[in-house]
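Oh and the sequence shown: position 9 is 472 in my numbering, straight run, nothing missing.
No residue lacks a Cβ here, since even glycine has one placed at the ideal position from N, Cα and C.
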Amino acid sequence: MEVFYLEEIEEEHTKLSRLRELILVGLPKMTAIWKGNLSAARLENLKMMKVKECGKLKNLFSKALAKKVHQLVHLAVMNCDTMAEIISNEQAEMEQEAVEIVVSSNMPSPMFFKNLQKLTISKCKKMKSILALRLVRGLEQLEELVIASCNQMEEIISKGEEEEEENIDDKNMLPRLKILALQNLPRLCTLYKGALLLNWPSLEELQVWNCLELKTLPLDLHGAPKLRKFKGQVEWFENLEWKYEITKTRLQPLLTEEYVL
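Okay, here's the thing in structure tokens:
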């Protein structure tokens, strides 16, 4: 079952181009949101997307479609048991887009969700990471990131093999992030496996609750200068490992053991 069969709406694509909000709730048999000729999709005005209780849905977008949602501001995915990734990495879809990749091989890597401001992922049992590094680099407008109750989550930002040799200043990722909330992630062991420590110049609030396997916070000496609220368990904080002990000293007075849903 799919919601939009794009072969059938190709001649009426202007209707889809006016779509501003897409809310999909309680569709247990839906296996795909989009199917058919991807070139027929006109999603340039989609600003808000919420997907909840769609138990058979494995991803939200192909790479081709993800490039088209330029105006997406708010994305929320909740209670989707088989959801493994936001953007599909399946081989069949990669082959389908091979011609486009060849044509644009000399162009810069495309940016996905460049206007996204709020991302919420909750109770997605199959997700092991949220954001691929190539995706994060385009999220310059993201202000709020909430990840909760994803039992298999191991890292927030993943780095693919093809990105290992790139010489890019990753410490400036997510420059406008104001709120980062990580709640009930029992397998989360790192935010980002890269060697660089992160700046996060706009971060104002950090919540870390029941993430007991998380042993480090990737902040440098001057990271998160605007941080005013830091909520987490004192015992977890005391067991964190720090590259610079002064970072712990700076953050400790901000810590409150307060859990906010």
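Three-state class that DSSP yields for Phe693 in the structure shown: Walking along the sequence shown from the start, residue 693 turns up at place 230. Here Phe693 sits in strand by DSSP.
Cα-Cα separation between Trp672 and Cys652, rounded to whole angstroms: Along the sequence shown, one-based indexing puts residue 672 at 209. Along the sequence shown, one-based indexing puts residue 652 at 189. Straight-line Cα distance between these residues: approximately 13 Å.
Burial state of Glu701, where buried means 16 or more other Cβ atoms lie within 10 Å: Translated into the one-based positions of the sequence shown, residue 701 becomes position 238. Exposed, since its Cβ has fewer than 16 Cβ neighbours within 10 Å.
Whole-angstrom distance between Leu528 and Asp683, CA atom to CA atom: Here the question's residue 683 lines up with position 220 in the sequence shown. Here the question's residue 528 lines up with position 65 in the sequence shown. Taking the straight line from one Cα to the other gives about 36 Å.
Limits of the unbroken alpha helix (DSSP H) element including Ile610: Within the sequence shown, numbered from 1, the residue matching residue 610 stands at position 147. Element bounds for Ile610: not the alpha helix (DSSP H) but the beta strand (DSSP E), Glu607 to Ala611.
Contacting residues, own chain, Cβ-Cβ under 7 Å from Val488 (five flanking each side not counted): Against the sequence shown, residue 488 aligns to sequence position 25. These residues qualify, in order along the chain: Lys515 and Glu516.
Per-residue burial, Gln715 [other beta carbons within 10 Å of its own, 16 or more giving buried]: Within the sequence shown, the letter at position 252 stands for residue 715. So Gln715 counts as exposed.
Of the listed residues Leu640, Ile709, Cys613 and Leu718, nearest to His685 (C-alpha basis): Mapped onto the sequence shown, residue 685 falls at position 222. Of Leu640, Ile709, Cys613 and Leu718, the residue nearest in Cα terms is Ile709.
CA nearest to the CA of Lys526, picked from Phe693, Asn552 and Ala687: Within the sequence shown, residue 526 is the residue found at index 63, counting from 1. Among Phe693, Asn552 and Ala687, the Cα nearest to that of Lys526 is on Asn552.
Continuous beta strand (DSSP E) stretch holding Thr653: start and end: Here residue 653 corresponds to residue number 190 of the sequence shown, with the count starting at 1. That run of the beta strand (DSSP E) goes Thr653 to Tyr655.
Per-residue burial, Trp663 [other beta carbons within 10 Å of its own, 16 or more giving buried]: As a position in the sequence shown, residue 663 is number 200, starting the count at 1. Per the 10 Å Cβ criterion, buried.
Buried or exposed (CB count within 10 angstroms, at least 16 for buried), Tyr707: For the purposes of this step, residue 707 is identified with residue 244 of the sequence shown, where counting begins at 1. Under this definition Tyr707 is an exposed residue.
For Gln715, three-class secondary structure by DSSP: Residue 715 sits at position 252 when you count from the first residue of the sequence shown. It is helical.
Same chain, Cβ closer than 6 Å to Ile642, five either side skipped, listed in chain order: The residue you call residue 642 lines up with position 179 of the sequence shown. Excluding sequence neighbours, Ile642 sits near Glu607 and Glu668.
Start-to-end residues for the alpha helix (DSSP H) that takes in Val812: Any property of residue 812 remains undetermined from this structure, which presents the chain solely from 464 to 724.
Closest by C-alpha distance to Glu484, when choosing among Lys588, His537 and Lys577: For this step, residue 484 is matched to residue 21 along the sequence shown. Per the Cα distances, His537.
Boundaries of the beta strand (DSSP E) in which Lys725 is found, first to last residue: Residue coverage of the chain in this structure runs from 464 to 724, which leaves residue 725 outside it and unanswerable.
Own chain, CB closer than 8 Å to Glu720, minus 5 neighbours either side, in chain order: As a first step, residue 720 must be located in the sequence shown, where it is residue number 257. Take Glu720, set aside five residues on each side of it, and the residues of its chain with a beta-carbon closer than 8 Å to its own are Lys694, Gly695, Gln696 and Val697, in chain order.
Residues of its chain near Lys513, where Cβ-Cβ distance is below 6 Å and the 5 sequence neighbours each way are ignored: Within the sequence shown, the letter at position 50 stands for residue 513. Hits under 6 Å: Ile486 and Ala539.
Same chain, Cβ closer than 6 Å to Lys692, five either side skipped, listed in chain order: If you number the sequence shown from 1, residue 692 lands on position 229. So the list reads Glu668, once near-sequence residues are dropped.
Exposure label - Ser480; buried when at least 16 CB within 10 Å: To locate residue 480, count along the sequence shown from 1; it is residue 17. With fewer than 16 other beta carbons inside 10 angstroms of its own, Ser480 counts as exposed.
C-beta atoms of Leu523 and Thr494 nearer than 8 Å: Residue 523 sits at position 60 when you count from the first residue of the sequence shown. Residue 494 sits at position 31 when you count from the first residue of the sequence shown. No, they are not a contact pair.
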